[in-house]
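In the numbering used here, the protein residues as written are 547 to 607.
One structure is given here, and the rest of the page talks about it.
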Amino acid sequence: MVSSRGGKYGYVTRSRHAAYRALRRQGKSKKVAAMIANRGDSHAERSTMAKKGWRGRKRKR
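This is the structure in structure tokens:
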């Protein structure tokens with residue numbers, strides 16, 4: 547698991563560990579899951595990601 551210590555151990559913001567674990571369960575690599583989870587640090591970033599996901603789901607229908 548990626549730690550919240552940083553450095554060679556990798557890094558995931560403490561408040562985003564649940565998102566990281568969910569992405570890992572979906573089969574994402576540690577690197578990709580950490581990158582996506584960390585991107586949602588602020589409310590604005592999470593809102594942007596949610597809108598992007600909504601557009602993708604809307605297109606599939």
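Don't be surprised by glycine CBs; every beta carbon is placed ideally from N, CA and C.
Take residue i and list the residues in its own chain whose beta-carbon comes closer than 7 angstroms to its own, dropping the five residues that flank it on each side.
| i | result |
| --- | --- |
| Gly586 | Arg562, Ala565, Arg592, Met595 |
Mind checking if residue i is an interface residue toward chain C, Cβ cutoff 8 angstroms exclusive?
| i | result |
| --- | --- |
| Arg570 | No chain C is part of this structure, which consists of one protein chain only. |
Among residues of its own chain, excluding the 5 on either side of residue i, which ones have a beta-carbon nearer than 6 angstroms to its beta-carbon?
| i | result |
| --- | --- |
| Trp600 | none |
Leaving aside the five residues before and after residue i along the sequence, list all residues of the same chain whose C-beta is less than 8 angstroms from its C-beta, in chain order.
| i | result |
| --- | --- |
| Leu569 | Val578, Ala579, Ile582, Ala583 |
Any heavy atom of the ligand ZN closer than 7 angstroms to the Cβ of residue i?
| i | result |
| --- | --- |
| Ala579 | The model depicted lacks the ligand ZN and carries no ligand whatsoever. |
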